[in-house]
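Chemist:
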Amino acid sequence: MKILWLNINSSYSHTSLSIPALHAQLKESDESEIEWKVISGTINRDISLYVAEIFEFKPHLILSTAWLFNHNYLYSLLVRSKALLKNTSIILGGPEFLGDNYEYLSRNSFIDAVFRGEGEEIFPVFIEMFVKGMNWFSLPGFCHIDQNGGYIDNGVAEVQNFSALKVPESSSFFEWDRPFVQIETSRGCFNRCSFCISGNGRKIDNIPISSLRERLNKVKERGIKEVRVLDRTFNANPKRAISLLNLFAGYSPYIKFHLEIHPSLLNEEIKESLVKLPPDLLHIEAGMQSLDNKVISECNRFGDVDTSLEGLKFLVQNTPFEIHTDLISGLPFYTFERLKTDVRELVLLNPEEIQLESLKLLPGTKLRDGASEYGICFSPLPPYEVLQTSHISFDELLKADTLSKILEVFFNGKILKESFVKLCNENKNFLELIIEYYDNTMFDYNSGAEKKALLFWNFCQSHFKSSQEYIVKEWVCSGYSHHKGPGSLLKIWKFGDKTINPVFKTDSKENYYKFLDLDKKRFWFIFNKTINSYKPISIFIEIL
Numbered sequence: 000m001k002i003l004w005l006n007i008n009s010s011y012s013h014t015s016l017s018i019p020a021l022h023a024q025l026k027e028s029d030e031s032e033i034e035w036k037v038i039s040g041t042i043n044r045d046i047s048l049y050v051a052e053i054f055e056f057k058p059h060l061i062l063s064t065a066w067l068f069n070h071n072y073l074y075s076l077l078v079r080s081k082a083l084l085k086n087t088s089i090i091l092g093g094p095e096f097l098g099d100n101y102e103y104l105s106r107n108s109f110i111d112a113v114f115r116g117e118g119e120e121i122f123p124v125f126i127e128m129f130v131k132g133m134n135w136f137s138l139p140g141f142c143h144i145d146q147n148g149g150y151i152d153n154g155v156a157e158v159q160n161f162s163a164l165k166v167p168e169s170s171s172f173f174e175w176d177r178p179f180v181q182i183e184t185s186r187g188c189f190n191r192c193s194f195c196i197s198g199n200g201r202k203i204d205n206i207p208i209s210s211l212r213e214r215l216n217k218v219k220e221r222g223i224k225e226v227r228v229l230d231r232t233f234n235a236n237p238k239r240a241i242s243l244l245n246l247f248a249g250y251s252p253y254i255k256f257h258l259e260i261h262p263s264l265l266n267e268e269i270k271e272s273l274v275k276l277p278p279d280l281l282h283i284e285a286g287m288q289s290l291d292n293k294v295i296s297e298c299n300r301f302g303d304v305d306t307s308l309e310g311l312k313f314l315v316q317n318t319p320f321e322i323h324t325d326l327i328s329g330l331p332f333y334t335f336e337r338l339k340t341d342v343r344e345l346v347l348l349n350p351e352e353i354q355l356e357s358l359k360l361l362p363g364t365k366l367r368d369g370a371s372e373y374g375i376c377f378s379p380l381p382p383y384e385v386l387q388t389s390h391i392s393f394d395e396l397l398k399a400d401t402l403s404k405i406l407e408v409f410f411n412g413k414i415l416k417e418s419f420v421k422l423c424n425e426n427k428n429f430l431e432l433i434i435e436y437y438d439n440t441m442f443d444y445n446s447g448a449e450k451k452a453l454l455f456w457n458f459c460q461s462h463f464k465s466s467q468e469y470i471v472k473e474w475v476c477s478g479y480s481h482h483k484g485p486g487s488l489l490k491i492w493k494f495g496d497k498t499i500n501p502v503f504k505t506d507s508k509e510n511y512y513k514f515l516d517l518d519k520k521r522f523w524f525i526f527n528k529t530i531n532s533y534k535p536i537s538i539f540i541e542i543l
C-alpha cells in the first residue's frame, strides 16, 4: 500500500505539523504494510513538477491539509493528479473543512472525502481500515458523498485524551531542518471569538508541564533557535502561564519562544514574571483586533478595550520583548474612521509591529454563519476576505488595504519609522493624506528600501514641509544616498573652507564631514570612509 502526503506551504520556513502529529500515533504493525512518501514544497513551485513526482510514485492514497494560503494551489495540483491516477483516493483535512462540506464535495467529485476536526485518535483506525479494504466512511469527522449522491456528515472529531498523544517530534516525518519548530502545549481556547475557528466551545486540554522539558531539550540539542507555542491564549490560565515562563527561562539564550498573549489577562503575578525574564527570551503576539468596545462585544471576544490597552502598554513599555499587535478591518460595526483612529493610537504606543489585516470569514465560524446580520459581503473563494459590510464600504476596505501596506513598509519595515511615528503624532490627518498619496502614485511596494524612503520624502515635501529636520537626520543615519532626496541637501565640508567646523579633528584622517542648515540649526554629520561611507558615526547640532 502506497500512501503519499502532500505538504504544500506558503514558504520554506513554514511546514505542516499535521504530518508528524498524525503519523506519530501509528503502531509499528500499521507501518509494516505501508510505503510512505512525503512531497514537500511551496506554492511558488511549478505545479507540473509536483505532478511528475506524484505520477512516478503512483500512490493508492493521497492525503493533504488545506489552508487559506494553499487551498487554490492544492486544488489545481490534485485535479491534475487525479486525471492521471484515476484509481487513487484523495482525502483532505484542515481548517478549510470545519463548516458544511456538501457544496465542496459536490463540486469536486474527485475528492473522496474531507475530514473535519482533530485526527490524531482517528488516524490509526482509519489507516488500518483503509489498508485492509474496510469501510472507513462512517468514522467520526469524515464527510463524503455516497454512491447514491447523498451527503454523509459524521460530525466533528475531537481528541478525548490530548495529553496521552504521542508527540509529533517522535515521528520520522518531523522536520528538524526548519528555522523554527511548533509545539502545542494546550488545545482549545476559553475565548469564543465569532471570527475564529477556535471559538467553537471546545474544552481546554493541557499537556503536563513536566513532559515539556524533555521535548525542549531535544530542540536545544538540534540547535533550533526558535519555538512557536501554538496555544491560542498562552495566559488564559495565569498560574500555568507563569510555570511555563519559568521553564522557558532555562533555555535562554539558546531558544526564543513565540507566544500569543491576551493583553486584558495580564494580572500582577504574570507582569512580575515577565519583567524578570531574560530580554532575549520571548516574542509576544498581543492581539487587539479593534479598540472599539462595541466591535469587540459583537465579536464575542473577552475583555474590554481599556483593560486590553493597559495590558498592551505594559508589554510595550515595561518588557524588553518584541511586541506585535493587530487590528482587523471588516469586523461588525467597525467603520473606516474608527479604524484610522485605532491605527493612530497604536502607532503612538509604538510596539515593534502593527499588523492590519482584513477579516476572513473562515468556514465553521459563527460570524460566517451570521454574515447577513451585519450586511457582510465576502468572497466565496479562499481566502474568504470581506468585501464590504453595513459599516465599511468596498472603497474604504481598499483604503484599509493600502494602510496595511504602508504600515508594513514604514512602521514594521522600519523605513524612516521615527519620522513616520512623529508625523502621525503631530498631524491627525496624516494617515488619510498618506493613504491618498500612495493610492495616487501607484507605488510599487516591492521596490527597494531607498526608493520607498524617497517616496515618503516626496510625500512629506508635498504635505509636511516643516518635517524636513528629522527626516533628513533619519535618512542620513539610515545610510541612504547622499545624491537623492534629503541626502542631496547635504553640503560637504573641506579643510580650508570659510565655514568653521566645530567637530573637525586633525588626527582623524579617515573622517569626512557634511553639514546642513535647517531652521537656525546646523547639523554636522561625521562619516568614516573605512566603516561606512554613507552612515554617519556621529551627529552634532550647532545653534546658529
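In numbering that gives the first Met the number 0, the protein residues as written are 0 to 543. Idealized CB from N, CA, C, for every residue including glycine.
Considering only residues of the same chain and omitting the five flanking positions on each side of V50, which have a CB-CB separation below 8 Å?
Modeler: L76, R79, S80 and L83
Chemist: Could you have a look at T505 and say whether DSSP puts it in helix, strand or coil?
Modeler: coil
Chemist: What do you reckon, is the C-beta of I7 under 8 Å from a heavy atom of the ligand FAD?
Modeler: This structure does not include the ligand FAD; it has no bound ligands of any sort.
Chemist: Look at the Cβ atom of A112, then the Cβ atom of H143, and state whether they are nearer than 9 Å.
Modeler: yes
Chemist: Over the uninterrupted beta strand (DSSP E) stretch that includes C142, give me the two end residues.
Modeler: Segment F141 to I144, the beta strand (DSSP E) holding C142.
Chemist: Using DSSP with H/G/I as helix, E/B as strand and the rest coil, what is W474?
Modeler: helix
Chemist: Once DSSP output is grouped into helix, strand and coil, what is the label at A156?
Modeler: In the structure shown, A156 sits in a strand (DSSP, three-state: E or B).
Chemist: DSSP on C376, reduced to helix/strand/coil?
Modeler: strand
Chemist: Whose CA, out of L73, Y444 and Q387, lies closest to the CA of S9?
Modeler: L73
Chemist: Measuring alpha carbon to alpha carbon, tell me which residue in V471, S371 and D368 is nearest I414.
Modeler: V471
Chemist: Answer yes or no: do L402 and L355 have a C-beta to C-beta separation smaller than 9 Å?
Modeler: yes
Chemist: Ignoring anything shorter than 4 residues or poking outside the region 327 to 357, list the alpha helix (DSSP H) runs there in chain order.
Modeler: 335 to 348
Chemist: What does the Cβ neighbour count give for K255, buried or exposed, with the cut at 16 atoms within 10 Å?
Modeler: With 16 or more other Cβ atoms inside 10 Å of its own Cβ, K255 counts as buried.
Chemist: Hey, would you say L347 sits closer than 9 Å to C423, going by beta carbons?
Modeler: yes
Chemist: Put R300 into one of helix, strand or coil per three-state DSSP.
Modeler: coil
Chemist: Below 8 Å, how does it come out for the region 482 to 495 and the region 424 to 436: are there three or more Cβ pairs, yes or no?
Modeler: no
Chemist: When you compare each of E32, V408, S185 and E95 to N445 by their alpha carbons, which one comes out closest?
Modeler: Distances from the alpha-carbon of N445 to those of E32, V408, S185 and E95 put V408 closest.
Chemist: Alpha carbon to alpha carbon, how far is E449 from S63? Give it in angstroms, no decimals.
Modeler: 42 Å
Chemist: Run the CB neighbour count on R44, radius 10 Å, all protein chains shown included, and call it buried at 16 or more, exposed below.
Modeler: exposed
Chemist: For E351 and T388, what's the separation of their Cα atoms in angstroms?
Modeler: 30 Å
Chemist: Check the C-beta distance from I269 over to A285 and give it rounded, since I have them as a contact under 8 Å.
Modeler: That belief does not hold up - the Cβ atoms of I269 and A285 are roughly 12 Å apart, past 8 Å.
Chemist: Decide if V274 is buried, meaning its Cβ has at least 16 other Cβ atoms within 10 Å, or exposed.
Modeler: exposed
Chemist: Looking at the structure shown, is A65 part of a helix, part of a strand, or coil, going by DSSP?
Modeler: In this structure, A65 counts as coil in the three-state DSSP scheme.
Chemist: Between the Cα of F335 and those of I391, E34, E117 and H323, spot the shortest distance and give me the residue it belongs to.
Modeler: I391
Chemist: Applying the 10 Å Cβ sphere with the 16-neighbour rule, what's the burial state of G486?
Modeler: buried
Chemist: State the start and end residues of the unbroken beta strand (DSSP E) segment that holds P535.
Modeler: N531 to I542
Chemist: Provide the residue span of the alpha helix (DSSP H) that contains R367, from first to last.
Modeler: K365 to D368
Chemist: Apply the 10 Å Cβ neighbour rule to M441 and answer buried if 16 or more other Cβ atoms are within range, or exposed otherwise.
Modeler: exposed
Chemist: With distances taken from CA atoms, which of V124, S251, W474 and H22 is nearest K219?
Modeler: Comparing Cα positions, the closest option is S251.
Chemist: Tell me which residue opens and which closes the beta strand (DSSP E) that E284 is part of.
Modeler: L281 to E284
Chemist: Give me whichever residues DSSP pairs with E102 in a beta bridge.
Modeler: Per DSSP, none; premise fails for E102.
Chemist: Please report the straight-line C-alpha distance between C192 and L280, rounded to a whole angstrom.
Modeler: 29 Å
Chemist: Just mark S47 as buried or exposed, buried being the case when its beta carbon has 16 or more other beta carbons within 10 Å.
Modeler: exposed
Chemist: Classify G92 as buried or exposed, calling it buried when 16 or more other Cβ atoms lie within 10 Å of its own Cβ.
Modeler: buried
Chemist: Using DSSP's beta-bridge definition, name the partner residues of K513.
Modeler: I491 and F524
Chemist: Return yes when the Cβ of F463 is within less than 9 Å of the Cβ of N510, no when it is not.
Modeler: No, they are not a contact pair.
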